[in-house]
Amino acid sequence: MKAKTIDEVLARLEQIISDSIGNKSRAGYFAALYYKVTASVKEGIEKGRFDDGPRMEQLDVNFANRYLEAYDQWKNKQPVSGPWKTAFDTEARRQPLVLQHLLLGMNVHINLDLGIAASETMAGKPLENLHNDFDRINNIISSLTYQVINELNRISPLLSLMGLHATNYNSIIIQFSIGIARDGAWVFAEELHRKKGNEYQLSINERNKSISNLAQSLTHANFLLRITLWIVDIFEWKNPARIIRALHEYKKASVKPVIVS
Numbered sequence: 001m002k003a004k005t006i007d008e009v010l011a012r013l014e015q016i017i018s019d020s021i022g023n024k025s026r027a028g029y030f031a032a033l034y035y036k037v038t039a040s041v042k043e044g045i046e047k048g049r050f051d052d053g054p055r056m057e058q059l060d061v062n063f064a065n066r067y068l069e070a071y072d073q074w075k076n077k078q079p080v081s082g083p084w085k086t087a088f089d090t091e092a093r094r095q096p097l098v099l100q101h102l103l104l105g106m107n108v109h110i111n112l113d114l115g116i117a118a119s120e121t122m123a124g125k126p127l128e129n130l131h132n133d134f135d136r137i138n139n140i141i142s143s144l145t146y147q148v149i150n151e152l153n154r155i156s157p158l159l160s161l162m163g164l165h166a167t168n169y170n171s172i173i174i175q176f177s178i179g180i181a182r183d184g185a186w187v188f189a190e191e192l193h194r195k196k197g198n199e200y201q202l203s204i205n206e207r208n209k210s211i212s213n214l215a216q217s218l219t220h221a222n223f224l225l226r227i228t229l230w231i232v233d234i235f236e237w238k239n240p241a242r243i244i245r246a247l248h249e250y251k252k253a254s255v256k257p258v259i260v261s
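Just so you know, we're using our numbering here: the sequence shown kicks off at 1 and counts up by one.
This is the structure:
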């Protein structure tokens with residue numbers, strides 16, 4: 001069943017995290033990051049940091065349900081959309097770094113799901129009215145993602161030594177930028193919001209293909225980069241349950257408040 005409130009989203013994420021720890025599933029990596037984002041959005045709503053709190057909760061729920069639906073489809077062995085399929089299928093592979101697993105989830109959720117959720121939230125209304133709050137939720141995603149990647153230096157000690165630090169990791173693993181992704185998500189939302197009927201679905205299908213290609217490139221590297229990733233991987237923690245606990249518990253102890261403006 002789809003979540004209807006932000007509290008239901010948090011409860012579902014907690015369950016995914018708990019199940020992933022029990023099953024030692026790497027799917028819990030992204031869920032732990034996403035829990036932080038959702039909890040910070042909830043805090044922002046409660047403190048009146050958005051133009052329209054109820055609308056922001058609806059955006060957050062619409063956004064989260066796309067991930068939760070894909071996760072449920074994957075767990076129930078049902079067909080999953082291209083980029084989410086790549087992200088979840090990679091869960092069974094040990095070799096990709098924790099950072100790569102996080103990027104796979106971020107890729108599809110920001111580049112594909114966020115634009116769709118924004119358009120759905122503003123159905124029948126001017127999309128531009130959402131723009132300020134859209135930027136604010138993206139500030140939260142960016143801030144918390146960089147905080148988590150910094151925390152990865154404990155889980156993967158050679159990330160910074162190998163140049164895979166938060167300031168330049170995207171240029172080394174893939175040409176992926178949170179800033180570019182969020183700007184592209186708004187452009188996609190604008191494009192989608194102008195579509196009706198079949199054109200609406202065709203636009204989503206085309207976007208799905210391009211983001212699927214990006215997801216595939218996240219799991220492949222040239223020879224020199226493979227050597228770099230192999231060296232980093234040697235010293236990275238190997239127990240998924242331990243990693244998930246570290247990512248999730250870090251929120252409770254150390255994540256800095258995100259101020260949206």
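C-beta: ideal position from N, C-alpha, C; glycine also.
- DSSP places R94 in no alpha helix (DSSP H); its state is neither H nor E.
- CA-CA distance, I116 to P240, rounds to 31 Å.
- Distance from A246 to I149 at the Cβ level is roughly 13 Å; contact not present, criterion being Cβ atoms closer than 8 Å.
- Pairing G105 with A87 gives a Cβ-Cβ distance under 8 Å.
- Here DSSP, grouped into helix, strand and coil, assigns G48 to coil.
- When only Cα atoms are considered, K85 and W74 end up about 8 Å apart.
- DSSP places V61 in the uninterrupted alpha helix (DSSP H) bounded by 53–75.
- By the Cβ neighbour-count rule, I234 is exposed, with fewer than 16 other Cβ atoms within 10 Å of its own.
- Spanning the alpha carbons of A185 and N153 requires a straight line of approximately 29 Å.
- By a beta-carbon distance limit of 8 Å, F63 contacts D113. Their separation comes to about 6 Å.
- Counting C-beta pairs with one atom in each stretch, the stretch 34–50 and the stretch 8–19 have three or more that are closer than 8 Å, which means they touch.
- Around the C-beta of G124, fewer than 16 other C-beta atoms lie within 10 Å, and the residue is accordingly described as exposed.
- By the beta-carbon neighbour count (other beta carbons within 10 angstroms, threshold 16), L202 is exposed.
- Per DSSP, the continuous alpha helix (DSSP H) segment holding E8 begins and ends at 6–23.
- In the three-state reduction of the DSSP assignment, W237 falls in the coil class.
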